[in-house]
Each structure stands twice: as structure tokens, then as C-alpha cells.
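For the sequence shown, position 64 matches number 64 in full-length UniProt numbering, and the numbering has no gaps at all.
In this text, a Cβ means the ideal position worked out from N, Cα and C, and glycines have one as well.
Just so you know, these numbers come straight off a predicted model, no measurement behind them.
Below: the structure, in C-alpha cells.
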Amino acid sequence: MVTGRRSLNARYVVNTAGGMAMAVESGVRPQDLIIKPRCGQFLVFDRQGKDGIRHVLYQAQETDEKGCLLAPSTEGNIIAGPTSQDVPDYKNVETTDWGIHHIEKTAKKILPDLDMGKVITSFAGVRANIKNVVKEEKDFIIRRSVPRMVSALGIKNPGMTAAPYLCQMILDLLIEDGLCTAPNPDYCPVLDLPKPFLKQTENIQKKWYEQDHRYGNLVCRCEGITEGDILRVLREPLPPKNMNGLKKRLRTTMGRCQGSFCTPRILEILSREWSVPPEKIMKEAPGSPFVKGRVK
Numbered sequence: 001m002v003t004g005r006r007s008l009n010a011r012y013v014v015n016t017a018g019g020m021a022m023a024v025e026s027g028v029r030p031q032d033l034i035i036k037p038r039c040g041q042f043l044v045f046d047r048q049g050k051d052g053i054r055h056v057l058y059q060a061q062e063t064d065e066k067g068c069l070l071a072p073s074t075e076g077n078i079i080a081g082p083t084s085q086d087v088p089d090y091k092n093v094e095t096t097d098w099g100i101h102h103i104e105k106t107a108k109k110i111l112p113d114l115d116m117g118k119v120i121t122s123f124a125g126v127r128a129n130i131k132n133v134v135k136e137e138k139d140f141i142i143r144r145s146v147p148r149m150v151s152a153l154g155i156k157n158p159g160m161t162a163a164p165y166l167c168q169m170i171l172d173l174l175i176e177d178g179l180c181t182a183p184n185p186d187y188c189p190v191l192d193l194p195k196p197f198l199k200q201t202e203n204i205q206k207k208w209y210e211q212d213h214r215y216g217n218l219v220c221r222c223e224g225i226t227e228g229d230i231l232r233v234l235r236e237p238l239p240p241k242n243m244n245g246l247k248k249r250l251r252t253t254m255g256r257c258q259g260s261f262c263t264p265r266i267l268e269i270l271s272r273e274w275s276v277p278p279e280k281i282m283k284e285a286p287g288s289p290f291v292k293g294r295v296k
């Protein structure tokens, strides 16, 4: 396999390149599928507490599409959406006025008293939508592209809940092609991550604070994350490399203020710990700095 950075040699290849999976597969076989990008926009609401919904709520649909839904998150937020629009390419992940108003209109059919004043952010993602197969095969296609190469194509929303079975389907095809497998006795399916300082018991909080007083410096008010929590994550064997990486570990900037309060403080901590100027700290990909330089 030849990439933009280097060439790779492999005995087996699992092609799970998302929207680009068909392009990868086209390097080894003629294409018989029509897969087009389809954008879905979502709204995220502030934590609802006891007044929040407890179940995923759908509308009745006349088509095979699920339409707009309301769903609780594990942290107590509500998500509403998605929209469903064909877009020119997989980089088209903008949120739009039309999308926000469409979600509001359809979500209020499910929950008429939904408070739009509690929307804290919006986001969009693009799904790989298969156009030219029957309804029963439309959710996704797992197939052998060539011997010892398996492709997962058109994986949309159902791919999340179906992921364990999809992995087994891929594994079965690889075993048929000669892959030797054996159970790993040391495998642990549960990752035991320590909770943030403010979610620990009083005894553990006392112990941690005595070891490092920076657990007493609150950085992210909305999510209750301290400077000590951030430093602990930065010193793990696989630390985050950018702001979004830290967000995915600790939920910093994910609360009601969406980083308005804590972003400058986090940048200051990362700049100090990484020994780089704030201008070099990225939101995620290269070329996504939070700041360009000092104003004074």
C-alpha cells in the first residue's frame, strides 16, 4: 500500500477508511457501488438534570430513514438531529441556519416544550450513503475485496451498534483467507480510567491533594476539571497531543460555556508543560491553532 507518507507491506488489509473506503478498494477491483456523502447536523443541549429524557425518542417515519431524534447522552446532555442532506464531498461538515431551524421544527414535534435556549453547540458529520443496492443491504456492506483484503463500505449510523458483529464478520473472512488467531488471555475489555478529582471520594481527594496541591486549582468550571487532572492526563503513557485530545479524555471545553472560560487557562498549562508557545498548540489537525500571536 502506498500512502502520501510512505509505503506499507502487509499480509492482510482491513479497509475501514470510512467515506474513502471505496476509493481505497478501487485500487484492487472495479467498483460496482455508488456511494455518496450525506451530511447530518446535530444540536447539543445543556445538561437537563431530572427533567431530561431517559430514552431515545424517534418520530414515526414513512421511509427507511430514522429521521430526527432526541437522545440522552451518558453525561446528561440531550442531542437532537440529524438532518440528512447529500453534499459534494466528505469534507463538507458545516452546520447551517437551515439545519438548526429544521432540527428545532422536527424535534419539537417529539417534545413540544423543548427549550432551544439550552442549546450549547452544534456539529455535523458525513456518512457514506450507498445509493444502488436494495433496502436490506443499504446499512453497510462487508466483503472480500481481493484475497486477504476485507472492506467495510457504506457504514452509517447502524455501524455503531453493530460494530461487535461487524468485527466478527471481518475476522471470519480473514480466517477463511488463512489468518491464524488465538485468544489473548491478558485482554481486558474494560478500560479502568480514574475519575476526575471532584468525582472522587473525600478520602481519595485528600490523598491526591496532599500529593499535588494543583488538584485544588479549578480550570474547567462546567465539567469540574482541575489543573491536577490535566497534568495527570498529560503524563500518561499515551498523552493527548492537542486540545481536542484533552477534551476527549477529560471533557474540558465540552460544558455550557464551550471553553469560553477555560480555554485560555488550558492553553497556558499546555504551553508550560510542552515548552511551546501558545501559537503552536493546535485544536486538532495541523493548521488549527487557537491563537495567532499576542496583541500586546
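Among I120, L174, G159 and R214, the one whose alpha carbon lies nearest that of D139: Taking the sequence shown and counting its residues from 1, one reaches residue 139 at position 139. Answer by Cα proximity: G159.
Under 8 Å between C-beta atoms of I110 and L70: Against the sequence shown, residue 110 aligns to sequence position 110. Against the sequence shown, residue 70 aligns to sequence position 70. Yes, Cβ-Cβ distance for I110 and L70 is below 8 Å.
Same chain, Cβ closer than 8 Å to V146, neighbours up to 5 away in sequence not counted: The residue given as residue 146 occupies position 146 in the sequence shown. Closer than 8 Å at Cβ, skipping near neighbours: V28 and R29.
Assumed close pair K262, V295 - CB separation to whole angstroms, cut-off 8 Å: Locating residue 262 in the sequence shown gives position 262, counting from the first residue. Locating residue 295 in the sequence shown gives position 295, counting from the first residue. Looking at the sequence provided, one finds Cys at residue 262 rather than Lys. Between C262 and V295 the beta-carbon gap is near 20 Å, outside 8 Å, which marks them as no contact.
Per-residue burial, residue 300 [other beta carbons within 10 Å of its own, 16 or more giving buried]: Nothing about residue 300 can be read from this structure; the chain reaches only from 1 to 296.
Limits of the alpha helix (DSSP H) - the one that N244 falls within: The residue given as residue 244 occupies position 244 in the sequence shown. Run containing N244: M243 to L250, per the alpha helix (DSSP H) assignment.
Counted within 10 angstroms of its Cβ, other Cβ atoms place I204 as buried (16 or more) or exposed: Within the sequence shown, the letter at position 204 stands for residue 204. Counting C-beta atoms within 10 angstroms of its own C-beta, I204 has fewer than 16 neighbours from the protein chains shown and is therefore classed as exposed.
Same chain only: Cβ atoms within 8 Å of W208, ignoring 5 sequence neighbours per side: As a position in the sequence shown, residue 208 is number 208, starting the count at 1. Take W208, set aside five residues on each side of it, and the residues of its chain with a beta-carbon closer than 8 Å to its own are F197, Q200, Y215 and G228, in chain order.
Buried versus exposed, by CB contacts within 10 Å (16 or more), S151: Indexing the sequence shown from 1 puts residue 151 at position 151. Under a 10 Å Cβ-count criterion, S151 is classified as buried, with 16 or more other Cβ atoms of the shown protein chains found around its own Cβ.
Helix, strand or coil at L127 [DSSP, three-state]: Looking up residue 127 in the sequence shown gives position 127. Residue 127 is actually Arg in this sequence, not Leu. If DSSP states are grouped into helix, strand and coil, R127 belongs with the strands.
Rounded Cβ spacing between R38 and N129 (contact assumed at less than 8 Å): The sequence position of residue 38 within the sequence shown is 38, counting from 1. The sequence position of residue 129 within the sequence shown is 129, counting from 1. That belief holds up - the Cβ atoms of R38 and N129 are roughly 4 Å apart, short of 8 Å.
Spatial neighbours of R144 in its chain, beta-carbon cut-off 7 Å, leaving aside the 5 residues before and after: Numbered from 1 along the sequence shown, position 144 holds the residue referred to as residue 144. Cβ within range, chain order: V150 and L173.
Extent of the continuous alpha helix (DSSP H) run through Q205: Residue numbering aside, residue 205 sits at position 205 when the sequence shown is read from its first letter. For Q205, the uninterrupted alpha helix (DSSP H) segment begins and ends at E202 to Q211.
Buried versus exposed, by CB contacts within 10 Å (16 or more), I170: To locate residue 170, count along the sequence shown from 1; it is residue 170. So I170 ends up on the buried side.
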